[in-house]
Amino acid sequence: MVERVVATPEALELIKELQAQYGQELMFHQSGGCCDNSAANCYLPTDLTIGPYDVKLGEIGGVPFYIGKLQYDYWKHTQLIIDVTEGSGGTFSLEGNTGRAFLTRSRLFTDEEWAEIEPQVMKDLA
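In the UniProt record's numbering, the protein residues as written are 1 to 126.
This is how it looks when you write it as structure tokens:
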């Protein structure tokens, strides 16, 4: 099955660095654009509560990745590609002091990919 969220090698390397510093148990949540723009934020599992209005898109580097259900409804036709850029990260995200920041890119699913994942997407939004 096509993955709804993937990571570049640079993002996977930064995840490993954060795991070495903070431990293996991390999580991501795609920010809805408030304080940190629309960014993938990395947290310790105790830093953010995941609830019924969040959708697990998958895992990157073995770390679960979530997005708010309302935001997901807008982005459901896209694959999120988590990358890294130079600069200061979000104030809430663990990489904030590394001089790098997670960056979310996206691409539309092909018609074939959409046909494959649409049943799961509709289930997530129910």
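We put the beta carbon where it would ideally sit given N, CA and C, even for glycine.
| Check | Outcome |
| --- | --- |
| How many angstroms separate the CA atom of Asp73 from the CA atom of Thr98? | 32 Å |
| Using a Cβ-Cβ cut-off of 7 Å (strictly less than) and excluding sequence neighbours within five positions of Ile50, which residues of its own chain qualify? | Tyr66 |
| Any idea what DSSP makes of Leu108, helix, strand or coil? | strand |
| What residues in its chain sit with their C-beta under 8 Å from that of His77, if we drop five residues either side in the sequence? | Leu108, Phe109, Trp114 |
| Look at Arg100 and Val84 and say whether their C-beta atoms are less than 7 Å apart. | yes |
| Taking 7 Å as the cut-off, decide whether the C-beta atoms of Gly58 and Glu3 are in contact. | yes |
| Relative to the C-alpha of Lys69, which residue among His29, Gly96, Ile117, Ser88 is closest? | His29 |
| Determine the DSSP secondary structure at Gly58, reduced to helix, strand or coil. | strand |
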